[in-house]
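S.K.: Shown below is the structure under consideration.
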Amino acid sequence: MFRSSKLILASLAALLSVTAAWLPGDVITPSITGRRSIATPGRRWVQNGKIRGVNLGSLFVVEPWLCESEWSTMGCGGLQSEWDCVKKLGQDQADKAFASHWGRWITEDDFDDMKSYGLNAVRIPLGFWMDESLVKQGEYYPKGGEEHLLKVCDMASSKGFYIILDMHAAPGVQASSQSFAGHTTSDVQFFNDDNYKRGVDFLKYLTKLVHTRNEMRNVGMIGVVNEPAQGHDDLRSKFYPNAYNGIRQVESDLKVKDKLHVQFMGTLWGAGNPKEHLPSGAESLAFEDHRYQKWDSSIALTHDAFIADACTSNRNPDNESPMLVTEWAISPPDSVENSDPAWRRDGNDDFYKKWFRAQVTGYEKSTSGWTYWNWKAQLGDWRWSYRDAVGAGIIPKDLSGVATSGACS
Numbered sequence: 001m002f003r004s005s006k007l008i009l010a011s012l013a014a015l016l017s018v019t020a021a022w023l024p025g026d027v028i029t030p031s032i033t034g035r036r037s038i039a040t041p042g043r044r045w046v047q048n049g050k051i052r053g054v055n056l057g058s059l060f061v062v063e064p065w066l067c068e069s070e071w072s073t074m075g076c077g078g079l080q081s082e083w084d085c086v087k088k089l090g091q092d093q094a095d096k097a098f099a100s101h102w103g104r105w106i107t108e109d110d111f112d113d114m115k116s117y118g119l120n121a122v123r124i125p126l127g128f129w130m131d132e133s134l135v136k137q138g139e140y141y142p143k144g145g146e147e148h149l150l151k152v153c154d155m156a157s158s159k160g161f162y163i164i165l166d167m168h169a170a171p172g173v174q175a176s177s178q179s180f181a182g183h184t185t186s187d188v189q190f191f192n193d194d195n196y197k198r199g200v201d202f203l204k205y206l207t208k209l210v211h212t213r214n215e216m217r218n219v220g221m222i223g224v225v226n227e228p229a230q231g232h233d234d235l236r237s238k239f240y241p242n243a244y245n246g247i248r249q250v251e252s253d254l255k256v257k258d259k260l261h262v263q264f265m266g267t268l269w270g271a272g273n274p275k276e277h278l279p280s281g282a283e284s285l286a287f288e289d290h291r292y293q294k295w296d297s298s299i300a301l302t303h304d305a306f307i308a309d310a311c312t313s314n315r316n317p318d319n320e321s322p323m324l325v326t327e328w329a330i331s332p333p334d335s336v337e338n339s340d341p342a343w344r345r346d347g348n349d350d351f352y353k354k355w356f357r358a359q360v361t362g363y364e365k366s367t368s369g370w371t372y373w374n375w376k377a378q379l380g381d382w383r384w385s386y387r388d389a390v391g392a393g394i395i396p397k398d399l400s401g402v403a404t405s406g407a408c409s
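Read in UniProt numbering, the sequence shown has 385 at position 385, and its numbers run on one by one without any break.
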């Protein structure tokens with residue numbers, strides 16, 4: 001997200017409610033237990049209809065602006081990133097603090113609430129340091145995350161959620177001065193051969209984990225890198241094909257036929273055509289777009305203009321399918337969100353209700369679905385928190401009526 005300042009087995013019925021195929025000809029064969037055997041033919045299961053999900057932001061890659069109270073409880077108040085926190089606390093104390101955070105930030109109750117709201121997917125941002133063998137001397141990241149990732153994915157799988165794993169924070173940092181990169185620094189070093197290799201190794205580690213651990217049974221997609229800085233052509237010519245090949249090599253070694261979808265930032269992101277250098281015959285690809293209208297200065301600062309843009313903006317003009325809008329929200333431009341009465345949170349319920357519905361309608365028209373940023377936040381502002389927006393009556397508990405709500409009529 002680009003910003004300036006997220007072993008109980010599922011029943012067959014639950015799985016069938018969220019399984020089938022995006023792409024014509026895909027063969028999807030879920031088992032009675034919900035675990036997809038590595039001998040199962042076809043691609044790893046994907047969503048029937050539209051993905052409607054949320055991000056579990058600030059779980060494994062903490063963004064302090066989103067959870068100040070939690071961050072302070074961990075002993076990291078005032079710090080900008082996980083790197084800073086671990087460096088300050090020391091490894092042992094930091095590991096304990098993060099373990100406690102992982103255990104309380106997302107719980108089974110959260111998944112129960114998501115399911116009751118009609119959501120069917122979660123996107124989980126991850127830092128490369130979850131594979132502790134990739135962390136170099138002099139880098140500061142928490143340890144022990146794998147155990148908690150397995151627990152979270154097991155809970156999500158047991159509730160029937162489709163799971164997208166995303167390398168949100170890459171080795172060497174892929175974006176300047178962003179807490180989502182795990183280290184808030186302007187020294188961006190992801191774009192070199194050494195860190196590209198570490199990034200590929202992390203994706204291979206994730207792929208093996210997905211295909212060998214039952215807890216990961218509903219993981220169907222891996223995003224290779226989140227919001228990389230633009231202007232690095234070798235990202236596409238080197239890292240992207242190596243990432244794809246690395247994932248497929250692990251699957252080949254394991255004799256996997258039920259393959260993961262490999263997801264890239266779409267051309268709209270501005271880092272170039274992600275398919276340009278992929279190997280001939282590359283299959284089970286997926287793409288993502290991040291759409292924060294608040295940072296699009298081409299939209300006039302009126303309610304009508306924002307609604308119209310949400311309803312009509314084509315988020316897949318380059319025919320990169322399946323495409324998902326994996327990050328979006330109903331937070332207005334920083335310049336008006338609190339200063340202009342027309343955009344304030346309080347007193348504008350009708351607009352925010354309509355804006356949410358308009359974005360859902362527009363994104364589902366041009367893409368295969370969406371994951372909202374974020375599931376929860378500690379901002380006292382439901383515009384960044386799906387859970388809190390439902391509690392405030394802004395986002396409906398039943399999404400089935402969004403298409404007929406008239407938001408885009």
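Cβ coordinates follow ideal geometry from the N, Cα and C atoms, glycine included.
These numbers come from a predicted model, not from an experiment.
#1: In chain order, what residues of the same chain have a beta carbon less than 6 Å from the beta carbon of residue 408, not counting five sequence neighbours either side?
#2: With 16 other CB atoms within 10 Å as the buried threshold, where does residue 342 fall?
#3: On the criterion of 16 or more Cβ atoms from any shown chain inside 10 Å, does residue 422 qualify as buried, or is it exposed?
#4: For residue 264, report the span of its beta strand (DSSP E) as first-last.
#5: Using C-beta distances below 6 Å, list every residue in its chain close to residue 272, excluding the 5 sequence neighbours before and after it, in chain order.
#6: Once you ignore the five residues that flank residue 24 on each side, which residues in its own chain have a CB closer than 8 Å to its CB?
#7: Which whole-angstrom value is the C-beta distance of residue 294 and residue 332, which I expect to be below 8 Å?
#8: What do you reckon, are the CB atoms on residue 154 and residue 63 nearer than 7 Å?
#9: Evaluate contact between the stretch 165-175 and the stretch 119-128, counting only Cβ atoms and requiring at least three cross-stretch pairs below 8 Å.
#10: Taking the alpha-carbon positions, what's the residue 400 to residue 172 distance?
#11: For residue 427 versus residue 369, is the C-beta distance shorter than 7 Å?
#12: If you run the structure through DSSP and keep just helix, strand and coil, what is residue 219?
#13: Going by the DSSP bridge assignment, what does residue 139 pair with across the sheet?
#14: In whole angstroms, give me the CA-to-CA distance for residue 280 and residue 245.
#15: Is the number of C-beta pairs between the stretch 135-150 and the stretch 90-105 that are closer than 8 Å three or more?
#16: When you compare each of 80, 316, 351 and 156 to residue 303 by their alpha carbons, which one comes out closest?
#17: Going by beta-carbon coordinates alone, are residue 162 and residue 220 separated by less than 7 Å?
#18: Can you list, in chain order, the residues of its chain whose CB lies under 7 Å from that of residue 314, leaving out five sequence neighbours each side?
#19: Give the straight-line distance between the Cα atoms of residue 292 and residue 325, rounded to the nearest whole angstrom.
#20: Taking 7 Å as the limit between beta carbons, can you name the residues of its chain near residue 156, skipping five residues before and five after?
#21: Quick one, which of 146, 82, 267 and 189 has its alpha-carbon nearest residue 209's?
#22: In three-state DSSP terms, what is residue 78?
#23: Could you compute how far the alpha carbon of residue 234 sits from the alpha carbon of residue 344?
M.R.: Quick look at the numbers:
#1: Here residue 408 corresponds to residue number 408 of the sequence shown, with the count starting at 1. Contacts found: 311, 358 and 361.
#2: Stepping through the sequence shown from its first residue, residue 342 is reached at position 342. Exposed is the call here.
#3: The question about residue 422 has no answer, for the chain in this structure spans 1 to 409.
#4: If you number the sequence shown from 1, residue 264 lands on position 264. Looking at the DSSP string, the run of the beta strand (DSSP E) that includes residue 264 is 261-265.
#5: By 1-based counting over the sequence shown, the position of residue 272 is 272. Contacts found: 236.
#6: Position 24 of the sequence shown, counting from 1, holds the residue named residue 24. The predicted model places residue 24 with a pLDDT of 26, which falls under 50 and marks its position as unreliable; any figure quoted below should be read in that light. Taking C-beta separations shorter than 8 Å and ignoring five residues to either side along the sequence, residue 24 has no partners in its chain.
#7: As a position in the sequence shown, residue 294 is number 294, starting the count at 1. As a position in the sequence shown, residue 332 is number 332, starting the count at 1. Sure, about 6 Å apart at Cβ, within 8 Å.
#8: In the sequence shown, counting from the first residue as 1, residue 154 sits at position 154. In the sequence shown, counting from the first residue as 1, residue 63 sits at position 63. It is not a contact, given that the beta carbons lie outside the stated cut-off.
#9: Three or more pairs of CB atoms, one per stretch, sit closer than 8 Å, so the stretch 165-175 contacts the stretch 119-128.
#10: Counted from its first residue, the sequence shown places residue 400 at position 400. Counted from its first residue, the sequence shown places residue 172 at position 172. Each residue's Cα considered, the two are about 43 Å apart.
#11: Summary: the structure shown does not reach residue 427, with the chain confined to residues 1 through 409, and so no result is reported for it.
#12: As a working note, residue 219 is residue 219 in the sequence shown. Of the three classes helix, strand and coil, the one that applies to residue 219 here is strand, per DSSP.
#13: Counted from its first residue, the sequence shown places residue 139 at position 139. Note: residue 139 sits in no beta bridge, so no partner.
#14: Here residue 280 refers to the residue found at position 280 when the sequence shown is read from its first residue. Here residue 245 refers to the residue found at position 245 when the sequence shown is read from its first residue. Those two C-alpha atoms are separated by around 11 Å.
#15: yes
#16: Taking the first residue of the sequence shown as 1, we reach residue 303 at position 303. The shortest C-alpha separation from residue 303 is found at 351.
#17: Stepping through the sequence shown from its first residue, residue 162 is reached at position 162. Stepping through the sequence shown from its first residue, residue 220 is reached at position 220. Their beta carbons are under 7 Å apart, which means residue 162 touches residue 220 by this criterion.
#18: Taking the first residue of the sequence shown as 1, we reach residue 314 at position 314. Counting only Cβ-Cβ distances below 7 Å, and skipping sequence neighbours, we find 366.
#19: One-based indexing of the sequence shown puts residue 292 at position 292. One-based indexing of the sequence shown puts residue 325 at position 325. Near 10 Å, if we compare the C-alpha coordinates of residue 325 and residue 292.
#20: As a working note, residue 156 is residue 156 in the sequence shown. The answer, listed in chain order, is 111, 122, 163 and 218.
#21: The residue labelled residue 209 in the question sits at position 209 within the sequence shown. Out of 146, 82, 267 and 189, 146 has the C-alpha closest to the C-alpha of residue 209.
#22: As a first step, residue 78 is located in the sequence shown; it is residue number 78 there, counting from the start. Looking at residue 78 - three-state DSSP - the assignment turns out to be coil, as it is neither helix nor strand.
#23: On the sequence shown, residue 234 is found 234 positions in, with the first residue counted as 1. On the sequence shown, residue 344 is found 344 positions in, with the first residue counted as 1. Computed Cα separation, rounded: 43 Å.
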